[in-house]
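Chemist:
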Amino acid sequence: MTFKKVSVVGLGYIGLPTAAVIASRGIEVIGIDVSKKAVDTINQGKVHIVEPDLDMVVQAAVTMGKLRASLTPEPADAFMIAVPTPFKEGHKPDLSYIESAAKAIAPVLEKGNLVILESTSPVGATEQLANWLQELRPDLQFPGHSGQASPNMHIAHCPERVLPGRVLEELVSNDRIIGGMTDKCCERAMALYKTFVRGECIATNARTAEMAKLTENSFRDVNIAFANELSLICDDLKINVWELIALANRHPRVNILSPGPGVGGHCIAVDPWFIVDSAPEKARMIRTAREINDYKPHYVVEKVKAAADQFKRPIIACLGLAFKADIDDLRESPAMEITAHLATSNTGEILAVEPNIDTLPEHLQQAGIELVSLQSALEKANVLVVLVDHKPFKALTSNDINTKVVVDTRGLFSRF
């Protein structure tokens, strides 16, 4: 099957790059988003997020007439849903964005369409999507409903698995897991992904595809938790954890990750809770890892407070707000959580240094935090808190910090 027109619902950190890459293959793509600002920006050939080279790909696709954005869905051959899946109170999965996407596209669906859920989701979410669409469009036949010998709609789950900062490269090069609700659904989805994926497309069922993504991120979360717990122990024992890890990793079968101020981003900090919610009695290690990583920001705050107590008028510069290096993504960021907590607990004057954003989120502004340049922070602050290992911070020397009290959660200065 050939795809003449593809609709991507949700033009964020996954949706927009995906839409741009598909459009670069000569397929007409319409991107749907609830943000008028995002839609207008994209239609000008510009981008509203930071991702290397994305601006050039979007500009080229828009200029060629292959990519445009809209607030309103319209008919297409395939619909790819890439909306957020956060959790609610009690770490319960929040599928409201997926439900809203289903309601948005339902009126324009046509017999034979393919609907793919890319949003990282708890097991069973793809089936729930099919249920919502069936309720909204009883005139169509969706898979998973008894009494339908031959569904005329196709539903699949294909979880995104890209690394911020390398999205364009990994969208094309990474293997993709294609979880169809039927064999025919798998076949249709595979045909779409093979238009732009050089990696292998591997077929499975929707539930296994959902669990695969959760498993990948939970594996990483457990390993990060080991490193973070090790850092707590080393603090107590007066051991440099980064030196220790470097030595331990010289063993041919040991590969310990680096500790940090916690775990951020929309994936690793969220997805393990989906497994815990699905199997609360059995997911014991996964739950414990989440609790360790969620505790780490609170531990860092206490270390900073102890450092600030050395000064009559502490001025604390928090270096980095993003959840990882050299991006502008603040979602589930432990760095931002730490910075906000320091401000609201009256620890001192708080300066934020985040070279990848122009303005602070509203709640940080209301907390009295000032966004400043790195140079300004070095001039004013007496306490430096390294929260993200952005490139400009890595370039600092011992002369830049030797008059400061430093809380280094990333090990940037462990070499000094």
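Position in the sequence shown counted from 1, then plus 12, gives you this note's numbering.
We treat Cβ as the ideally placed atom computed from N, Cα and C, and that holds for glycine.
Taking just the CA atoms, how far does residue 236 sit from residue 245?
Modeler: Within the sequence shown, numbered from 1, the residue matching residue 245 stands at position 233. Within the sequence shown, numbered from 1, the residue matching residue 236 stands at position 224. In a straight line, the C-alpha of residue 245 is about 14 Å away from that of residue 236.
Chemist: Should residue 229 be labelled buried (16 or more other beta-carbon atoms within 10 Å of its own) or exposed?
Modeler: By 1-based counting over the sequence shown, the position of residue 229 is 217. Buried, by the Cβ-count rule.
Chemist: Straight-line CA distance for residue 233 to residue 117?
Modeler: For the purposes of this step, residue 233 is taken as the residue at position 221 of the sequence shown. For the purposes of this step, residue 117 is taken as the residue at position 105 of the sequence shown. Going from the Cα of residue 233 to the Cα of residue 117 covers about 34 Å.
Chemist: Beta-carbon separation of residue 369 and residue 383 under 9 Å?
Modeler: In the sequence shown, residue 369 corresponds to position 357, counting from 1. In the sequence shown, residue 383 corresponds to position 371, counting from 1. Their beta carbons are under 9 Å apart, which means residue 369 touches residue 383 by this criterion.
Chemist: Could you confirm whether any beta carbon from chain C is found closer than 9 Å to the beta carbon of residue 270?
Modeler: No chain C is present in this structure, which holds just one protein chain.
Chemist: Report the option in 238, 99, 222 and 284 whose CA atom is closest to the CA atom of residue 268.
Modeler: Start at 1 with the first residue of the sequence shown, and residue 268 comes out as number 256. For residue 268, the nearest C-alpha among the options comes from 238.
Chemist: Going by C-alpha distance, which of 101, 201 and 151 is nearest residue 167?
Modeler: Here residue 167 refers to the residue found at position 155 of the sequence shown. For residue 167, the nearest C-alpha among the options comes from 201.
Chemist: Threshold first: 3 residues or longer. Then list the beta strand (DSSP E) segments lying entirely within the region 264-352, N to C.
Modeler: With a minimum length of 3 residues, the continuous beta strand (DSSP E) runs that stay inside the region 264-352 are 327-331.
Chemist: Name the one or two DSSP bridge partners that residue 168 has.
Modeler: Start at 1 with the first residue of the sequence shown, and residue 168 comes out as number 156. According to DSSP, which records beta bridges pairwise, residue 168 is partnered with 128 and 192.
Chemist: My guess is that residue 366 and residue 396 are in contact by the Cβ rule of under 8 Å, so how many angstroms apart are they, rounded?
Modeler: As a working note, residue 366 is residue 354 in the sequence shown. As a working note, residue 396 is residue 384 in the sequence shown. The pair is not a contact, with the Cβ atoms about 14 Å apart (cut-off 8 Å).
Chemist: Suppose you measure from the CA of residue 393 to the CA of residue 204; what does that come to, to the nearest Å?
Modeler: Within the sequence shown, the letter at position 381 stands for residue 393. Within the sequence shown, the letter at position 192 stands for residue 204. When rounded, the distance between both Cα atoms is 53 Å.
Chemist: Could you check whether the region 82-97 touches the region 58-69, counting it as contact only if at least three pairs of C-beta atoms, one from each stretch, sit closer than 8 Å?
Modeler: The answer is no - the region 58-69 does not touch the region 82-97, with fewer than three Cβ pairs under 8 Å.
Chemist: Output needed for residue 386: all residues of its chain with C-beta closer than 6 Å, excluding positions within five of it in sequence on either side, in chain order.
Modeler: Here the question's residue 386 lines up with position 374 in the sequence shown. Closer than 6 Å at Cβ, skipping near neighbours: 365 and 404.
Chemist: Hey, would you say residue 344 sits closer than 9 Å to residue 275, going by beta carbons?
Modeler: Along the sequence shown, one-based indexing puts residue 344 at 332. Along the sequence shown, one-based indexing puts residue 275 at 263. Yes.
Chemist: Residue 284 and residue 299 - do their beta-carbons sit closer together than 9 Å?
Modeler: Numbered from 1 along the sequence shown, position 287 holds the residue referred to as residue 299. Numbered from 1 along the sequence shown, position 272 holds the residue referred to as residue 284. Going by C-beta atoms, residue 299 is nearer than 9 Å to residue 284.
Chemist: In this structure, what does DSSP give as the bridge partners for residue 43?
Modeler: As a working mapping, residue 43 is identified with position 31 in the sequence shown. Paired residues: 20 and 81.
Chemist: Alpha carbon to alpha carbon, what distance is there between residue 142 and residue 434?
Modeler: Because the chain spans 13 through 428 in this model, residue 434 falls outside it and cannot be assessed.
Chemist: Between the C-alpha atoms of residue 47 and residue 82, what's the straight-line distance to the nearest angstrom?
Modeler: Numbered from its first residue, the sequence shown carries residue 47 at position 35. Numbered from its first residue, the sequence shown carries residue 82 at position 70. Those two C-alpha atoms are separated by around 9 Å.
Chemist: Only counting the same chain, and skipping five residues up and downstream in sequence, which positions put a Cβ closer than 6 Å to that of residue 420?
Modeler: Numbered from its first residue, the sequence shown carries residue 420 at position 408. Excluding residues within five positions, the ones whose Cβ falls inside 6 Å are 398.
Chemist: What are the uninterrupted segments assigned as beta strand (DSSP E) that are 3 or more residues long and contained completely in the region 44-125, given in chain order?
Modeler: You should have 79-82 and 90-93.
Chemist: Starting from residue 361, follow its DSSP beta bridges and name the residues at the other end.
Modeler: Taking the first residue of the sequence shown as 1, we reach residue 361 at position 349. Looking at the DSSP assignment, residue 361 forms a beta bridge with 327.
Chemist: Please name the residue or residues paired with residue 214 in a DSSP beta bridge.
Modeler: In the sequence shown, the residue the question calls residue 214 occupies position 202. Beta-bridge pairing links residue 214 to 189.
Chemist: Compute the Euclidean distance between the alpha carbons of residue 416 and residue 273, then round it to the nearest angstrom.
Modeler: If you number the sequence shown from 1, residue 416 lands on position 404. If you number the sequence shown from 1, residue 273 lands on position 261. Rounded to whole angstroms, residue 416 to residue 273 spans 19 Å at the Cα level.
Chemist: So, is residue 248 buried or exposed, given that buried needs 16 or more other C-beta atoms within 10 angstroms?
Modeler: Start at 1 with the first residue of the sequence shown, and residue 248 comes out as number 236. Exposed.
Chemist: If we call anything under 9 Å between Cβ atoms a contact, is residue 380 one with residue 347?
Modeler: Locating residue 380 in the sequence shown gives position 368, counting from the first residue. Locating residue 347 in the sequence shown gives position 335, counting from the first residue. Against a cut-off of 9 Å, the Cβ pair of residue 347 and residue 380 comes out as no contact.
Chemist: Helix, strand or coil for residue 33? Go by DSSP, reduced to three states.
Modeler: Here residue 33 is taken as the residue at index 21 of the sequence shown, counted from 1. Correct three-state label for residue 33: helix.
Chemist: With 16 other CB atoms within 10 Å as the buried threshold, where does residue 114 fall?
Modeler: Taking the sequence shown and counting its residues from 1, one reaches residue 114 at position 102. Its Cβ being crowded by 16 or more others within 10 Å, residue 114 is buried.
Chemist: Take residue 42 as the anchor and find which of 341, 65, 73 and 63 has the nearest alpha-carbon.
Modeler: Along the sequence shown, one-based indexing puts residue 42 at 30. That would be 73, whose Cα lies nearest to the Cα of residue 42.
Chemist: Based on the DSSP secondary-structure assignment, which residues constitute the bridge partners of residue 395?
Modeler: Locating residue 395 in the sequence shown gives position 383, counting from the first residue. Its beta-bridge partners are 328 and 417.
Chemist: Could you compute how far the alpha carbon of residue 89 sits from the alpha carbon of residue 342?
Modeler: Locating residue 89 in the sequence shown gives position 77, counting from the first residue. Locating residue 342 in the sequence shown gives position 330, counting from the first residue. Residue 89 and residue 342: Cα-Cα distance of roughly 34 Å.
Chemist: Within 10 angstroms of the Cβ of residue 172, are there 16 or more other Cβ atoms? Answer buried if so, exposed if not.
Modeler: For the purposes of this step, residue 172 is taken as the residue at position 160 of the sequence shown. Buried.
Chemist: Can you give me the C-alpha to C-alpha distance between residue 188 and residue 254, rounded to a whole angstrom?
Modeler: Translated into positions along the sequence shown, residue 188 becomes position 176. Translated into positions along the sequence shown, residue 254 becomes position 242. Taking the straight line from one Cα to the other gives about 34 Å.
Chemist: For the alpha helix (DSSP H) holding residue 404, just list the boundary residues, first then last.
Modeler: Residue numbering aside, residue 404 sits at position 392 when the sequence shown is read from its first letter. That run of the alpha helix (DSSP H) goes 403-406.
Chemist: DSSP on residue 366, reduced to helix/strand/coil?
Modeler: Translated into positions along the sequence shown, residue 366 becomes position 354. Residue 366 falls in the coil class under three-state DSSP.
Chemist: Along the chain, where does the alpha helix (DSSP H) that runs through residue 138 open and close?
Modeler: Translated into positions along the sequence shown, residue 138 becomes position 126. Run containing residue 138: 137-148, per the alpha helix (DSSP H) assignment.
Chemist: Where does residue 242 fall in DSSP's three states?
Modeler: Taking the first residue of the sequence shown as 1, we reach residue 242 at position 230. Residue 242 falls in the helix class under three-state DSSP.
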